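Engineer: Just passing along the structure, written as structure tokens.
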Amino acid sequence: MDAYTSSELISIFAMQGFSGISLFSVLLLMALGLAIIFGQMGVINMAHGEFMTVGAYTTYFMATLTETYLPSFMPYYFVFAIIMAFIVAGILGYLVEFAFIRHLYKRPLDTLLATWGLSLIMQQSFRSLFGAREVSPTLPEWLLGSYQPTETIYIPINGMFVLGLTTVITIGTYYLMFKSRWGLRVRATTQNRAMSGAVGINTKKVDRYTFALGCGIAGIAGAAFTTIASTGPTTGTLYIVDTFMVVVFGGAMSLFGTIASAFSIAQTQSILEFFISGSMAKVYTLFALVLILMFKPEGLFASKVRR
Amino acid sequence: MNMQTNTDFTLAIEELTVSFDGFKAVDDLNFYLDKNELHVIIGPNGAGKTTVLDLICGKTKATSGSIKFLNNELIGLSEHAIVRSGVGRKFQTPSIYENLTVLENLEVSYPHSRGVFGSLLFKRNKTVLDKIHEIAHEIMLEQMLDTEAGLLSHGQKQWLEIGMLLIQDPQLMMLDEPVAGMSVKEREQTAILLNKISKGRSVLVIEHDMDFVASIAHKVTVLHQGKILATGNMDKVQNDPKVIEVYLGH
Amino acid sequence: MSFVYDKIMGGKKGLTGLIILATLILIIFPLLLDSFRLNLVGKYLTYAFAAVSLVLLWGHGGILSLGQGIFFGLGGYAMAMFLKLEASSPENTTIQSTPGIPDFMDWNQLTELPWFWEPFSSLTFTVLAVLIIPAAFAYIIGSAMFKRRVGGVYFAIITQVIAVILTVLIVGQQGVTGGINGITDLRTLHGWDITSDSAKTILYFINCGLLLTVILASRFILTSKFGRILLAVRDKEDRVRFSGYDVANFKIFIFCFAAMISAIGGAMFTLQVGFMSPSFVGIVPSIEMVIFAAVGGRMSLIGAVYGTLLINFGKTAFSESFPEMWLFLVGGLFIAVVMLFPNGLAGLWNDHGHHITKKFAFIAKIFSKSAPQIFEKKVEDAR
Amino acid sequence: MRKTSSSLLPNTIRRRIAKGLMALPAAILLSSIGMSASAADVNTTGLAVTDDTVTVGILHSLTGTMAISETGAQEAEKLAISQINAMGGILGRQIKIIQEDGASDWPTFAEKGRKLLVQDKVAAVFGAYTSASRKAVLPVFEKENGLLYYPTFYEGLEQSKNVIYAGQEATQQILSGLDWAAKEKEAKTFYLIGSDYLWPRTAMKIARKHIENELGGTVVGEDYKPLGNTQFGSVINKIRLKKPDVIYAAVVGGSNVAWFKQLKAAGITSKKQTLMTISVTEDDVLGIGGENLEGFYSVMKYFQSQDNPNNKAFVTAFKEMWGEDSVIGDGTQAAYLGPWLWKAAVERAGSFDIDKVVAESEKGDIELTTAPEGYVKLHQNHHLWSKTRVGEWGKDGQATVVYTSELIEPNPFPAGYQ
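This is the structure in structure tokens:
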């Protein structure tokens, strides 16, 4: 084996640390929307991955539009694409809630089946609209490449971008759900529907907007992921299991739990991948999760409830 | 079991404490229940009444202390072992199997063939049916054996759950609010029922309805913030100044 | 006799349903369908084992397993390992650098058979393995989960993760498992050519026989006191526990039994289709199995078989006539089942006639509004 | 079939001529071109052949994860068939297509393959793409004696009577590319990375043996990621640690996109690092983006940019049929060869009978001088003689061919590489 200078090793160490953090921000961004929909509302949304894909395709659509009609706007379009992704996925979520989720709040396991059907329909819609091939939006120059704090350290800019975006969205979600009056209504509704209705909260409206918000965040996640991965009709299926894992492992009701869970899963996987070759890193990570969940079925950070 | 001194009690709870994230729902509780005694626990909301029942039947794990039933320690036993040793418990809201008939509800509660394979090979023979009819008669549901339990009135559901305990012939029966949601007439019938079933076993009841308590209780304990405020017969407790303060002060 | 009649056949109503099903799969299908279609039906009926297992587990026990594919796969792989060893005799594999081991091992530079493959050269061991390995695996998962009272959604998701782990493991360890390609090219069972038409027909009938037996055994369980306790656990778990039952044991038992049934289906699948691959272990097949049970009516054993047949016929028919559209139709069907017929086919069967027509009229209205050309045909078919 | 209407006119004329010729003694006809022999003569095994049509199957994934890659292949097959029909078909018969969806699901491939052979009695099937789908349908084709034209590069180690392999087997694709890297780039150390399934693992096995035994180089790392994996951060760091002269990659599908985007983001570009891949075609570039690939090399037998008359005609026809935006990758071109190879063999056999067509194909002298990739010849072992090319990707998503090998003999069971 070649000899390495200590500065090289430090650089690798730093970059490895960042790739763990980068995976963490990806997992967290994926899980945030679901933490609201599944954690707060109890809806097992198997189409969550497809809502991310909606965000990704929206970004692609915006990129194509900008490239064709407003090429000089290319450096800035991405920010608008993210907003559009949120709006489009949110509206779609709003409609889906209206069309059938609202009839199923009392049957959570049935939401799983219905949303699975929905995910099939959405996948085929993507295929019909955008074709079966993977697409990739042209990214603005400033999102490409890497930041070099020293000669040997390369920090991917898209990774930092996702990290930053995740931070903003997480803080935003926190304030919305736990500090704002609206969040109070959401939490009241999910904890006691009848009582919330009685004290004058329009629970139907709260449900619909909460679901739309969760889907909107999924859309943002999808838009952000166009910078690191691909977009195809079945992209969503790649994410869905990981997403559920993060939310469940963290303890479904807890935002902090979701963050901690994303962090521990990401670091475990990232470090294992560095030392173990092949797919086994994934197997070990998932296996550890299942073991822990068997001992702590309520998830890592669910608070003890007096029963 | 004769090594112990307090052999006379059906139930002996000593220094029992449970805390949820630092909040002590039951705090250093000492409580004794005699054979053939019908004891009612009263107290304001959040006093820890239901938690005490949960602790006895193993639903909640105690932080410290001891619960002895017929001189056997219950803490550490699993729920089904506690039930099999002779402790029956009715829940606050009637907890019956709505999709099964009254007969099937009682049959499921019949204390035989409780293992997996026993239940697969269980046969509904004459002994079983006789016992079911006997209990159904006692809880005034003999005419409704083939009715789906979900169709019963609220009061009848309460009786059915009591019947499901009775069929197991427990030494200690714990009833959490047995007359909640009942009509006046049903309350009277329930009082008679409880007086009848307390013969030959100990009964622990949680109840809010003071008239009902007065009509059944041999002894009353007032629980407040996880501690015993007063204990004794109904008159004594009702006139206790601390009790009056707790009830009126709120 | 009356015991058998009441307990297993399910009385007059149950017996009628069973006879209709038996007539359909044992007489009508073999008479109407050519050997290709009959083999297809045979393949679908192997999924019905898993659907029936979900009726027990989910419909009656309230335990939603999104991992029945695990057990279907374990059963299928056990059988495939036996058949593969037979297909890999040194004479058949002279072209390999190490003759006498399965081809995919040779491709992955293995030079000898891994130890855990050895016993699978015995058919007796294999048959036992098909039944016992999945049940034992279910026992481990079940004890860990149910003793700790993991249930509901968590159980569903954990079983799903286990399915993912197993898939990644099988794909990643391709030297000993055949990887993503699976174990392919299985031809003979003790010298009997299982790819011939006559063999396929015989296997079809064996499969039907096993399926009917499994339904009868499940009936027996459901009509026993165990069956009522299962329902009781589903509706009021605490009450059962405080009636002196060790609830976990009941759940573990039914989970193991369901695993065993699914595994029989998997083994029959391997025999009839001639290969096994990780695509039967993962999430997608596992969820599809739940859908089969849901479409049939989650409480009905026989309904599960019809649900499986209906979805798979539909899938094949749609994909032949509109290959680019079938996901729309299948997806729409899932949603419709959940929204409009929560009790599935069995529920429709039990409902009154006018009720059915009303519901159909409703769907027809929705469908004709949203996508006239595509859906019209389906509505006609459904009628 | 969208644009075949243009071929209708010559067809009807031809058919009329054929009908007129029917009046002549059969012997003259058969000896002349054998075009209008009756269905019974050209088909003794009950295939779906009538007096003026012959039915073939196309079996690719239209749905599921593989639809991405298989779209081009089925488009090319349809193009070739429509061109053949426009030329008068095969043995005077128009080719009819029955298309089935494999749905990216191997058992579905087996089911549909069996349906095409048993129910539709097709004379040939063009289809399958992944190794797994081929392995799934293979026993069916052998059992039912069907004929499959398999359109993509693959791991080798297989030779079935019932399959014609139109893509390269692994040694054809790999060896000369590595030789080129060792010679031109003076590469000594290699880092191998692939998706975790049979083809990349077999390809890497061959590459490793060649690097270690023939080139005197070393493999400094070998990694396989699960299919669909989108996180390459740790692997990229490992690569940085090992500093290989060449990264040798066989990552497929959606993972491929993530892999190249993350490489670029990590600052690993062609300016500093030689990267050679055996799994990127023009199709994949659409998803990956040319800017992420610029300067990296692909080893393929065909690139869309190839400058020869055959290819120009092919690209024009393909775009005319499937749209101006179409791109054509290696697998698409190989798929296009399938119907032509079949046509050549059928016409020489004078029959659609599978055994006769296979027998002609096995003579080892069927050649296509009109192949877009240049020239190919069918070897006795059912694979094609072909040239291997190294292409350097440009920002526009097209590759410049920087190296073309000699015609390489296919060798599905390479001694010393197993």
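Protein chains in written order, with my numbering: chain C, 1 to 307; chain G, 308 to 557; chain Y, 558 to 940; chain W, 941 to 1358.
Don't be surprised by glycine CBs; every beta carbon is placed ideally from N, CA and C.
Since the model is a prediction, treat every value here as computed from it, not as a measurement.
Can the beta-carbon of C/Arg187 be found closer than 8 Å to that of C/Thr203?
Structural biologist: Not in contact: C/Arg187 and C/Thr203 (Cβ atoms no closer than 8 Å).
Engineer: Less than 6 Å between C-beta atoms, sequence neighbours within five positions excluded: which residues of the same chain meet that for W/Phe1236?
Structural biologist: Here the set comprises Ser1210, Leu1215 and Trp1333.
Engineer: Using the Cβ count rule (16 or more neighbours within 10 Å means buried), how would you classify C/Tyr147?
Structural biologist: When all chains shown are included, C/Tyr147 counts as exposed.
Engineer: Hey, W/Lys1061 and W/Leu987: beta-carbon distance below 8 Å or not?
Structural biologist: In this structure, W/Leu987 lies closer than 8 Å to W/Lys1061 by Cβ.
Engineer: Give a yes or no on whether the minimum CB-CB distance between W/Ile998 and chain C is below 8 Å.
Structural biologist: False, the Cβ-Cβ gap to chain C never drops below 8 Å.
Engineer: Look at Y/Phe629 and W/Ala1076 and say whether their C-beta atoms are less than 8 Å apart.
Structural biologist: Against a cut-off of 8 Å, the Cβ pair of W/Ala1076 and Y/Phe629 comes out as no contact.
Engineer: Is any beta-carbon of chain G found at less than 8 Å from that of Y/Asn900?
Structural biologist: Taking Cβ atoms only, chain G never reaches closer than 8 Å to Y/Asn900, which makes this a no.
Engineer: Report all residues from its chain with a CB closer than 6 Å to the CB of C/Ser119; omit the five preceding and five following residues, and keep chain order.
Structural biologist: Once the five neighbours on either side are set aside, the close Cβ partners of C/Ser119 are Met46, Ala47 and Glu50.
Engineer: Under 8 Å: do the stretch 254-271 of chain C and the stretch 23-35 of chain C share three or more Cβ pairs, one atom per stretch?
Structural biologist: Yes, since at least three Cβ pairs between the stretch 254-271 of chain C and the stretch 23-35 of chain C fall closer than 8 Å, the two stretches touch.
Engineer: Going along chain W, which residues have a C-beta under 9 Å from Y/Phe832?
Structural biologist: Going along chain W in sequence order, the residues near Y/Phe832 (Cβ under 9 Å) are Trp1046, Pro1047, Ala1050, Lys1075, Ala1076 and Pro1079.
Engineer: Per the contact definition of three or more C-beta pairs closer than 8 Å, is the stretch 117-132 of chain C in contact with the stretch 219-227 of chain C?
Structural biologist: The stretch 219-227 of chain C, when compared against the stretch 117-132 of chain C, does not touch it at the 8 Å Cβ threshold.
Engineer: With a threshold of 6 Å on Cβ separation, who are the neighbours of C/Arg107 within its own chain once the five nearest residues in sequence on each side are excluded?
Structural biologist: Here the set comprises nothing.
Engineer: Looking at chain Y, is there any beta carbon in it that lies within less than 8 Å of the beta carbon of W/Thr1011?
Structural biologist: Not an interface residue.
Engineer: Less than 8 Å between CB atoms is the rule here; does Y/Arg796 satisfy it with respect to chain G?
Structural biologist: At least one chain G Cβ lies under 8 Å of Y/Arg796.
Engineer: Of the choices W/Tyr1089, W/Lys1317 and W/Asn1085, whose alpha-carbon is the least far from that of W/Arg1074?
Structural biologist: Per the Cα distances, W/Tyr1089.
Engineer: Return the CA-CA distance between W/Phe1254 and W/Ser1266, expressed in angstroms with no decimal places.
Structural biologist: The straight-line gap from Cα to Cα measures roughly 12 Å.
Engineer: Rounded to whole angstroms, what is the Cα-Cα separation between W/Tyr1188 and W/Ser1135?
Structural biologist: Spanning the two alpha carbons is a distance of roughly 12 Å.
Engineer: Quick check: the Cα distance between W/Leu969 and Y/Ser753, rounded to an integer number of angstroms?
Structural biologist: For W/Leu969, the predicted model reports a pLDDT of 39, less than 50, meaning its position is unreliable and no value from the coordinates is stated.
Engineer: On the DSSP bridge assignment, give the partners of Y/Asp754 in chain order.
Structural biologist: Per DSSP, none; premise fails for Y/Asp754.
Engineer: Does the contact criterion of 3 or more C-beta pairs under 8 Å hold for the stretch 715-723 of chain Y versus the stretch 283-292 of chain C?
Structural biologist: Verdict: yes, contact present.
Engineer: Inspect the CB distances between the stretch 650-664 of chain Y and the stretch 689-701 of chain Y and report whether three or more fall short of 8 Å.
Structural biologist: Result no; under three Cβ-Cβ pairs closer than 8 Å.
Engineer: When the cut-off is 8 Å and only beta carbons count, does Y/Tyr711 lie next to chain C?
Structural biologist: It does: the Cβ of Y/Tyr711 has a partner Cβ on chain C nearer than 8 Å.
Engineer: Quick one, which of W/Thr995, W/Leu1031 and W/Ala1068 has its alpha-carbon nearest W/Leu1002's?
Structural biologist: Ranking the options by Cα distance to W/Leu1002, first place goes to W/Ala1068.
Engineer: From the DSSP output, which residues share a beta bridge with W/Ser1009?
Structural biologist: DSSP, once it has assigned bridges, lists no residue as partnering W/Ser1009.
Engineer: Rounded to whole angstroms, what is the Cα-Cα separation between Y/Ser927 and Y/Gly889?
Structural biologist: Per-residue confidence for Y/Ser927 stands at a pLDDT of 45, beneath the threshold of 50, marking its modelled position as unreliable; the derived number appears in the next sentence. Their backbone Cα atoms lie some 11 Å apart in a straight line.
Engineer: Kindly give me the distance between the Cβ atoms of G/Val394 and G/Cys364, rounded to whole angstroms, as I take these residues to be in contact under 8 Å.
Structural biologist: Confirmed, about 6 Å.
Engineer: Beta-carbon separation of C/Ile36 and C/Thr210 under 8 Å?
Structural biologist: Yes, the pair counts as a contact, with Cβ atoms nearer than the cut-off.
Engineer: Using beta carbons (cut-off 8 Å, strictly below), is G/Val359 in contact with chain Y?
Structural biologist: Output row for G/Val359: interface = no.
Engineer: For G/Lys368, count the other beta carbons within 10 Å of its own beta carbon; 16 or more makes it buried, fewer makes it exposed. Which is it?
Structural biologist: Result: exposed.
Engineer: Buried or exposed for C/Lys282, going by 16 or more other Cβ atoms inside 10 Å?
Structural biologist: It counts as buried.
Engineer: For the stretch 668-690 of chain Y, list every residue whose C-beta sits within 9 Å of some C-beta in chain W, in sequence order.
Structural biologist: Taking 9 Å as the Cβ-Cβ cut-off against chain W, none of the residues of the stretch 668-690 of chain Y qualify.
Engineer: Provide the residue span of the beta strand (DSSP E) that contains G/Glu322, from first to last.
Structural biologist: Per DSSP, G/Glu322 belongs to the beta strand (DSSP E) from Phe316 to Phe327.
Engineer: For the beta strand (DSSP E) that contains G/Asn337, what are its first and last residues?
Structural biologist: It spans Phe330 to Asp341 - the beta strand (DSSP E) in which G/Asn337 sits, taken as one unbroken run.
Engineer: For the stretch 774-794 of chain Y, which residues have a CB atom closer than 7 Å to at least one CB atom of chain G, in sequence order?
Structural biologist: Per Cβ criterion, the list reads Ile778, Ser781, Lys782, Phe783, Arg785, Ile786, Leu788, Ala789, Asp792 and Lys793.
Engineer: Measuring alpha carbon to alpha carbon, tell me which residue in G/Asn378, G/Val415 and G/His440 is nearest G/Leu452.
Structural biologist: It is G/His440.
Engineer: Taking any Cβ of chain C, which residues in the stretch 1200-1221 of chain W have a Cβ under 9 Å from it, in chain order?
Structural biologist: Listed in sequence order: Lys1201, Gln1202, Lys1204, Ala1205, Ala1206, Gly1207, Ile1208 and Thr1209.
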